[in-house]
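Step one of this worksheet: look at the structure below.
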Amino acid sequence: MLYCPAPASCLNSKNIHLHMKTVFFQPIDYMIFFFFFLRFKFKIVKITLVSKLLPLYILRDEVQRELHRDADYPCEVIGSWNTWYGEQDQAVHLWRYSGGYPALTECLRKLNSNMAYLAFRKERSKMLISRHNQLLLEFSFWNEPVPRSGPNIYELRTYQLVPGTMIEWGNNWARAIKYRQENNEAVGGFFTQIGELYVVHHLWAYKDLQSRQETRNTAWLKEGWDVNVHYTMPLIQKMESRIMIPMEHSPLQ
């Protein structure tokens with residue numbers, strides 16, 4: 001998925017409705033994120049199978065670290081996770097591309113001539129059932145994702161909205177996000193630009209599942225949170241929650 005935060009001028013808008021319109025129709029020329037899912041072929045649980053997977057994990061880690069550090073690639077890893085609860089045997093990666101669509105095109109062109117990446121891609125294809133990506137934009141009223149120390153667990157909540165309701169969703173969350181920031185649990189909020197449309201992703205961080213429960217319960221004690229839920233629930237067609245564990249090299253720990 002790709003997404004792009006709006007410039008600072010959008011953040012100071014007094015008219016929330018106009019502010020949201022500015023975010024949604026802002027040209028994508030500041031930064032772009034990339035988000036994709038991997039499902040591994042874990043059909044048989046055996047030690048021999050696990051041992052065969054280790055070189056792939058090592059290669060993936062090395063390639064990802066190299067791309068993250070290489071200044072010639074206009075991209076960086078924001079976070080990498082494996083699912084704990086939700087769809088199993090799945091990896092989730094969040095990338096940021098600086099420079100909009102031209103940066104994405106440049107990065108893909110360079111990857112096609114990167115021998116280490118091509119070798120990794122060949123080995124990876126033998127282990128995967130499916131891959132999926134989306135291009136996203138970032139809601140400007142959320143904090144931009146920044147590296148954090150752990151240990152933490154992460155929850156990725158995904159909402160399929162009724163078509164035509166994205167601005168209404170953003171207006172309500174722009175007013176309500178303050179109820180979910182006291183424990184620094186809000187990591188990022190995004191919506192799809194290319195791929196499945198009218199899809200929203202909210203990314204949260206918690207110390208553990210007990211902390212998640214307590215933080216969410218506390219929100220209901222705050223006047224105004226119930227109003228946000230009341231107005232946003234009718235906008236949702238489908239929702240999903242994944243609990244994820246960060247990989248060792250993930251900047252979000």
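Residue numbering for the sequence shown follows UniProt numbering, beginning at 1 and increasing consecutively. Positions of the beta carbon are idealized from the N, C-alpha and C atoms, including for glycine.
State the Cα-Cα distance for the pair residue i and residue j, rounded to the nearest angstrom.
i    : j    : result
R216 : P234 : 20 Å
K110 : Q210 : 44 Å
W220 : R124 : 44 Å
A174 : G224 : 12 Å
E76  : Q134 : 16 Å
I153 : S113 : 36 Å
N171 : C107 : 34 Å
P74  : Q88  : 31 Å
E214 : D208 : 10 Å
P246 : R131 : 19 Å
Is the distance from the Cβ of residue i to the Cβ of residue j below 9 Å?
i    : j    : result
N228 : A176 : yes
E240 : Y206 : no
T165 : H201 : no
R242 : G86  : yes
W84  : A91  : no
L136 : F191 : yes
E182 : T232 : no
Would DSSP call residue i helix, strand or coil?
i    : result
T165 : coil
W204 : strand
H249 : coil
W225 : helix
A219 : helix
L197 : coil
A91  : strand
E214 : helix
A71  : coil
Which same chain residues end up closer than 7 Å to residue i when comparing Cβ atoms and leaving out the 5 residues on each side of it in sequence?
i    : result
S149 : Q253
A186 : W142, N143, I177, R180, W204
P151 : Q253
I78  : F33, L94, W95, R96, P145, P251, L252
P163 : Y198
E168 : L235
E196 : Q134
Less than 8 Å between the CB of residue i and some heavy atom of the ligand GTP, yes or no?
i    : result
T232 : Summarising the ligand content, the structure contains no ligands, and the ligand GTP is consequently not present.
Using a Cβ-Cβ cutoff of less than 6 Å, which residues in the same chain neighbour residue i once the five nearest sequence positions on both sides are dropped?
i    : result
P251 : P147
Q160 : V199, Q237, K238
L118 : none
G188 : W142, P145, L203
Got a sec? Which residues, its chain only, sit under 8 Å from residue i by beta carbon, not counting five neighbours each side?
i    : result
D72  : K110
P102 : none
Task: beta strand (DSSP E) runs contained entirely in the region 100-173, provided each spans 3 or more residues - done: 128-138, 153-161
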